[in-house]
Every structure is written in C-alpha cells, then in structure tokens.
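One structure below.
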Amino acid sequence: MPHSLLKRLQKNRTTALSALFLLLITLLALFAPYVTHFSYEEQNIIERLQTPSFKHWMGTDTLGRDLYSRIIYGARISLSVGILTAFSALVFGTLVGSFAGYFGGWIDTVLMSIVELFYIFPTPLLAILLMLVLGRGFVGIFLALSMTAWVNQARLVRNLTFQTKELPYVEAARAIGLTSTRVIFRHVIPNIQTPMIAFLTLQVPANIMAESFLSFIGLGLQPPLSSWGTLAQEGFRAIQSFPHLIVYPGGVLFFTLLALNFLGDGLNESVKLMGFDHKG
Amino acid sequence: MLTYVIRRLATIPLILLTLASLIFFLLRFVPGGPFDTEQAWPPEIQANIAHRYELDLPVSTQFFHWCTAAIQGDLKESFQYLDTPVSKIIATSLPISMALGASALLLALGFGIPMGCLSAWKQNTWIDRLAVLFAVTGLSLPSYLAASLLILVFSLQLGWFPPALWEGPSSWVLPILTLSVRPLGIVARLTRSSMIEALNSDYIRTATSKGLGPMSIHLKHALKNSLIPIITLMGPISANLITGSFLVEVIFQIPGMGKHFTQAVLNRDYPLVMGVALTYGVILILSNLLADLLCAWADPRICFAPCKGAG
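First to last, the protein sequences are chains Z and X.
My numbering puts the first sequence at residues 1 to 280.
My numbering puts the second sequence at residues 1001 to 1311.
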C-alpha cells in the first residue's frame, strides 16, 4: 500500500478508530487461548443459559458453554473466512479480469461469459451443493464463497485494465517488445493496485456477512466449532427468553462489519482524492 | 445499440444452458437419491419409481430430455410435491418473492436517494454525519439481526405487527423493512458520493454563474447526472435483494421461492432445484441487461464496447 495513502488515513478519526477496533478483535482472535478462561467446547450443564456475570462475561448458552470464549474463538473463523475469501477473489479475479481487459476480442467475450455464469449462480444453492459433496466444514464454506466473490473483482479489474492499456506507458512497454504477460503483470497491474486494494477492503465485510448468512441458515460449521453466524443462529432460536444469546454475538459481528466498512470507505475516499476513479 | 442488445440476448441461452448442465450434473454427485427412505423399499417398487421419473435412464439422456422439455416451457413434475408441476410451484411462490423484493427496492430508492442528496447538500454538517452513520449501519447490519431487532421491538414488545407469515398488509411491514435495510444503505451512500462529485463539476459552476436557483441546480442538473451510478448498481442490488429475500423468507416463514433453494436440494428434488435456479438466473441476467441499457440511455456518452462487463 502506498505510503501517502496511509498518511491520508491517519487524518480521519472514524477510520483510525475503526482500525484500532479491528486490531483489537484480531489480537483477541490470535491469542484466544490466553484471553479466555474457558474452552469454546467445554460444557457445563449446571451453569446453562446464565446471564452475564463475573465468571461468564457474556453469559452461557443452552449447553452451559461460555459465550465470551465462543465469540472469541468464533472470531478466528469469521475473520479468516472473510480475509481468505477476499484474497482468493483478488488473485483469481485479477487474473481473469486483466487478461479479459488487456486482450479484448473473443478472449474478453469468453472470459466475461464465464464471469456472468458465476454471477447468476445462486450462492446458497452452490453452498449447499458443495456442503453435501464435501461435507460441512471450513473448506466447503470457503469454496462456496470464493466461487462467487471473485466475480466483482474480475469486472473491476477488467474495466480498469481497459482504461489503462491505452495509456502511453503501456504502449511504450509494448513497443519495446515486452511479452503481453510481462506488460500485464509489470506495468498494468502495479498501476491499478490502489483502487483494487480499496475495493478489496469492502469485500472483506461482505464475505464475513455472506458466511454468517450461510451459517444462519444452517449451512455453517459443525458444532462445537462455531462462527459468529452460527452463534447468532443459536441465539435467534431463543430470542424471546434469552436475548443475550443473540445480542452479544450479533453485536460483535455488527461492530466488526461497521469498522470494516468505515475503514474501506476511508480508503476508497482517499483513493478518489488521489485521482483514481475506479467506478469503471 | 440494437446489435449490442441482440448480441447480449444471443448469449443468454448459452449461459443458461451452461448453468443448467452444471447444476444438473453437480446434483447427481450429491450422495443420496430423491426417493431414499429409512427402510428400503422392495427392488420392484424402487425400479417402478425410477422408471416413472426416468431416473433409470443414463444421466446424459435425462439431461437431454429435461432440456427439450424446458425449451417447450415444461419444467417437469416435482419429486417432493407429488403430481405438481415445477412451473406451478414457481408460479405461486415467485410473485410473493417479487412483491417482497420490489417493495424493498422501492423503499430503498425512495428513502436512500433523498437521504444521499440531503447528505451531499449539507456536506460535513451533523446532518451529513448522521446520514452517513445511518447508511453504513444499514450496510453492516446482517438481515437476521435487523429482523431480530424489529421482531423484538415491534412484535414482541409493542405488538404492532405479527412476527411471521405473509397474510395481509400488517404482516408485510417487518419483512419489507428488514429486506430494505441493506440496499437503502448502499443507495444512500452511492447517491451521496456521486452527488458530491456532481456538485463539484464544471456544469454546476456554469449553472450557478448563470444565476439559476439552488432548487434548479440541485434537482435538475446535479441529481439527474448523479443517478447514473445508481442505475449501474441496480443489477447487483437486485441480486442482493434476491439472495437477501431468501433469508428473510426463512426468518419470517414467507411462502416465497427462497425456501425452495435449500429445501429442494435437501430433498434431492432435482426438477424443482433446476426450475428455481433457472428462474433466478433469468431474473439476474435480465436485470443486469436492463441496468446496462438504462445506463446508456441516461448517459449517451457511454459506448457499449468497454462497458459491456460493467454494472
């Protein structure tokens, strides 16, 4: 990430606060065993469905598991799904998008038809099919989300490449006889990386939300593992009697998404100020 | 323009065919069959059922039969709902989903665009900050959380609206509100940013120097131009509404098309899965195409070649 971009970000208070909050959540997730007193799977039937107390900061669930621990361990899954999916979308979407945009013609038509195909593939359907074939688990969720997430990235990169490839420096690179792949990877992509990264930051919250949707409808991880979505789903079933079961995981999820969106907005605005228009 | 539309329309059957074949063959990879029961039936009965639904034919023949029937508008019978054609199931459930989605879209546009405009006109005041916070909150609030909050407050506490089902106007309020939260945030945020961009442009300076009133400048000149990015985004927003409505339908127990997405796959109801996925695909392709065309109509500078994948 360019240095000037970081500098601009520091000026914005909301963005800085969001970044701080995300850093905290990430650290808690990384050092989960050291910041929790209970394991996420330890059941204690006697202490089930307790409201928050000194012992259980956020209360306990129907099996007497400590909700705070489950949320912190859930952060590991929710965050890594969001980040990994965004990363795979970045790699794959950039490859497809840059080739389609650079070569144009029939290559563009074919690649973009594939993009359209994945665009209309219903994500819940894809997720449940993969889940049934691969079994419920991290890999299935990751694949299902990745297969739809790269589409937007591919479109963005294609349009950016389309605008960039006619610029004099790209023409110069072509004129001195560089191969197309070299022009794409050394000259086109480095010059569109800032809007790409800014766009990517908004993909992470979108993916975390998509994962929580899948978990909420019961396509998530198998217990005792849990993400924030599975916790919210467990809480939703007891919404009338034990609202704390949905308030805490839902709250943490909401504030994380809010912080990610504010951070992404801040980045996108800075990118715009720096003279990029990546709306395509 | 016309050749562009024709070319776009020509690719639709090809994309749909690929989608159909992908799902058709993927479904057969899923372990378990549509008529598996706890206790296995005698082989003669199994063979009879398989014969009745053509499941004893090779998969490729089945696919060919399905395709030829689908082209003639026949989506075959559902395995789960006996003697009910898939087209009939879609015909009864799709209008409900469409009504839900369209109302949410109207609500999102009706509130999101004025909110974004207001935000841009009063840039960097408390009104703007409040509106931005509201928009980003809408973006960050998963629909099941929005639903939980709405149900807790308006249904369980105040008792104004029923917490579920789709019977009469009072039961429509909460699901429509839930579904519109996210698109409202998207629309408001986008309107704000494109309005700000428009207000800083040269033609607005010209309009101001001509002595036009603020109303005329804001509404006639700036708003008209800042609507273009919103039109471009209509495709993704409708996609969002469709997948979103699926979750909202599950939460509020609405008999729309959404519930068939998971239920049909779990039941291995192959024809229903195919029908639902195809309907979904057609809606998405058409809304995307419509968004691109509207965009070109609103901004004549847009040439078709480079904008083909946009939106």
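Glycine included, each C-beta is placed from N, C-alpha and C at the ideal position.
Remember, it's a predicted structure, so these values are computed and weren't measured experimentally.
Beta-carbon proximity of residue i to residue j, cut-off 9 Å
i	j	result
Z/GLY82	Z/ASN207	yes
X/PHE1161	X/SER1171	yes
X/LEU1100	X/PRO1034	no
Z/LEU202	Z/ASN261	yes
X/SER1140	X/VAL1132	no
Z/GLY104	X/PRO1142	no
X/LEU1027	X/TYR1270	yes
X/THR1331	Z/ILE128	What the structure shows of chain X is the stretch from 1001 to 1311, and residue 1331 of chain X is not part of that stretch, so it cannot be assessed.
Z/SER146	Z/LEU84	yes
Z/LEU90	Z/ILE141	no
X/ILE1127	X/LEU1190	no
X/GLY1235	X/SER1097	no
X/ILE1251	X/ALA1222	no
Z/LEU253	X/LEU1145	yes
Z/LEU67	Z/ALA29	no
Z/LEU219	Z/MET131	yes
X/LEU1016	X/VAL1276	no
X/SER1226	X/GLU1197	yes
Z/PRO190	Z/VAL271	no
Z/PHE199	Z/GLN153	yes
Close beta carbons around residue i, own chain, < 6 Å, minus the five adjacent residues each side
i	result
X/GLU1077	PRO1085
X/CYS1303	Only weak support is given to the placement of X/CYS1303: the predicted model assigns it a pLDDT of 48, under 50, and the question is left unresolved by the model.
X/GLY1112	LEU1184, VAL1187, ALA1188
Z/GLN193	none
X/GLY1244	SER1143, LEU1179
X/CYS1307	Only weak support is given to the placement of X/CYS1307: the predicted model assigns it a pLDDT of 43, under 50, and the value that follows is read from those uncertain coordinates. Counting only Cβ-Cβ distances below 6 Å, and skipping sequence neighbours, we find nothing.
X/ALA1239	LEU1284
Residue from the options whose Cα sits closest to the Cα of residue i
i	options	result
X/PHE1079	X/ALA1050, X/PRO1042, X/TYR1144	X/ALA1050
Z/PRO205	Z/SER18, Z/ARG13, Z/GLU116	Z/SER18
X/PRO1031	Z/SER270, Z/GLU211, Z/VAL252, Z/VAL133	Z/VAL133
Z/PHE21	Z/LEU263, Z/PHE236, Z/ARG182	Z/LEU263
Z/GLN240	X/ALA1102, X/LEU1247, X/LEU1156, X/PHE1063	X/LEU1156
X/GLY1168	X/PRO1236, X/ILE1254, X/PRO1042	X/ILE1254
X/LEU1019	X/LYS1210, X/ALA1296, X/HIS1221, X/ILE1285	X/ILE1285
Z/ASP265	Z/SER180, Z/ILE197, Z/TRP106	Z/ILE197
X/ALA1264	X/ALA1010, X/ILE1023, X/ARG1007	X/ILE1023
X/THR1092	X/LEU1055, X/HIS1260, X/LYS1122, X/LEU1289	X/HIS1260
X/ILE1228	X/VAL1276, X/PRO1214, X/LEU1294, X/LEU1272	X/LEU1294
X/MET1274	X/PRO1163, X/TRP1066, X/PHE1154, X/LEU1107	X/TRP1066
X/ILE1237	X/VAL1136, X/LEU1016, X/LEU1130, X/ALA1108	X/ALA1108
Z/GLY235	Z/ALA210, Z/GLY137, Z/THR51, Z/ARG136	Z/THR51
Neighbouring residues, chain Z, relative to residue i (Cβ below 7 Å)
i	result
X/GLY1281	ILE120
X/PHE1029	VAL133
X/ALA1277	PRO122, LEU125
X/VAL1005	Within chain Z, no residue comes near X/VAL1005; the closest Cβ sits about 16 Å away, beyond 7 Å.
Contact list for residue i against chain X, beta-carbon separation under 8 Å
i	result
Z/PRO195	Correct list: empty, because the minimum Cβ distance to chain X is about 14 Å.
Z/PHE216	PRO1142, TYR1144, LEU1247
Z/ASN261	VAL1136, LEU1139, SER1140
Z/LEU258	VAL1136, THR1137, SER1140
Z/SER227	Those within 8 Å of Z/SER227 in chain X number zero; the least Cβ separation is about 12 Å.
Cβ neighbours of residue i in the same chain (closer than 7 Å, five flanking residues each side left out)
i	result
Z/TYR119	VAL151
X/SER1021	PHE1063
Z/LEU231	ARG70, ILE71, GLY74, PRO249
Z/VAL188	SER98, TYR102, THR161, THR164, LYS165, VAL170
X/TYR1081	ILE1089
Cβ neighbours of residue i in the same chain (closer than 8 Å, five flanking residues each side left out)
i	result
Z/ILE184	SER98, PHE99, TYR102, THR161
Z/PHE31	none
Z/ILE114	VAL96
X/THR1279	ILE1090, LEU1094, MET1257
X/ASN1048	none
Neighbour list for residue i in chain Z, Cβ cutoff strictly below 8 Å
i	result
X/PHE1261	PRO122, PRO124, LEU125, ILE128
X/VAL1250	ILE217
X/ILE966	Since the first and last residues shown for chain X are 1001 and 1311, residue 966 of chain X lies out of range.
Proximal chain X residues relative to residue i, where beta-carbon distance stays under 9 Å
i	result
Z/ALA232	PRO1142, TYR1144, LEU1145, SER1148
Z/PHE138	Neighbours of Z/PHE138 on chain X: none; closest Cβ ~20 Å, over 9 Å.
Z/SER113	THR1011, LEU1014, ILE1015, THR1018
Contacts of residue i in chain X (Cβ-Cβ under 7 Å)
i	result
Z/GLU116	ILE1015
Z/PHE21	Going along chain X, no residue has its Cβ under 7 Å from Z/PHE21, so there is no contact; the nearest lies around 12 Å.
Chain B contact for residue i (CB, 9 Å cutoff)
i	result
X/ASN1288	No chain B appears in the structure shown, which is made up of the protein chains Z and X.
Chain Z contact residues for residue i, given Cβ-Cβ distances below 9 Å
i	result
X/VAL1086	None at all; the shortest Cβ gap to chain Z is about 15 Å.
Review point. Given a limit of 8 Å on CB to CB distance, which residues of the stretch 1011-1024 of chain X reach chain Z?
Key: THR1011, LEU1014, ILE1015, THR1018, LEU1019, LEU1022, ILE1023
Exercise for review: Taking only beta carbons into account, state which residues of the stretch 235-251 of chain Z come closer than 9 Å to chain X, listed in chain order.
Suggested key: GLY235, PHE236, ILE239, GLN240, PRO243, ILE246, VAL247, GLY250, GLY251
Point to revise | Members of the stretch 1175-1190 of chain X near chain Z, C-beta cut-off 7 Å | key: For chain Z, none of the residues of the stretch 1175-1190 of chain X brings a beta carbon within less than 7 Å of one of its beta carbons.
Exercise for review: Would you list, in chain order, the members of the stretch 184-208 of chain Z that have their beta-carbon closer than 8 Å to a beta-carbon of chain X?
Suggested key: PRO205
Review point. Listed in chain order, which residues of the stretch 64-83 of chain Z have Cβ atoms closer than 8 Å to some Cβ of chain X?
Key: none
Review point. Given a limit of 9 Å on CB to CB distance, which residues of the stretch 1198-1215 of chain X reach chain Z?
Key: Along the stretch 1198-1215 of chain X, none of the residues has a CB nearer than 9 Å to a CB of chain Z.
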